[in-house]
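Remarks on the structure that follows.
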Amino acid sequence: MINTLQGIIDGTSYEEQNEKIDRTIAKTMRVKNFQGNEELKYDNDFEMNCIVLSKHANKPVKQCTTKEYFALIKYVNKQSKK
Numbered sequence: 000m001i002n003t004l005q006g007i008i009d010g011t012s013y014e015e016q017n018e019k020i021d022r023t024i025a026k027t028m029r030v031k032n033f034q035g036n037e038e039l040k041y042d043n044d045f046e047m048n049c050i051v052l053s054k055h056a057n058k059p060v061k062q063c064t065t066k067e068y069f070a071l072i073k074y075v076n077k078q079s080k081k
């Protein structure tokens, strides 16, 4: 980042140095899994919710705001209890 800022100031490209730093950092990180089981579960649950909720929405569920999404869930849950 400092190289990038310095490049803006002096007009020099530090892209090669930045890439070398990025590779070094990436090699030292030992991440076993970028997307763990919990994240996969939440993603799958969200997709399933979108499918179910789409029957009750007047627009694509993935285009809903967070407030609209949770209001729709609340509405569907109330309807299913009747």
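Quick note on numbering: the sequence shown equals residues 0 to 81 in numbering that gives the first Met the number 0.
In this text, a Cβ means the ideal position worked out from N, Cα and C, and glycines have one as well.
- Going by beta carbons, Asn48 and Ile24 fall outside the 8 angstroms limit.
- DSSP places Ala56 in the coil class of the three-state scheme, outside both helix and strand.
- Counting every other CB atom within 10 Å of its CB across the protein chains shown gives Leu52 a total of 16 or more, marking it as buried.
- Look at Lys81 here: in three-state DSSP terms it is coil, with no helix or strand label.
- Where Thr27 is concerned, the enclosing alpha helix (DSSP H) starts and stops at Glu14 to Thr27.
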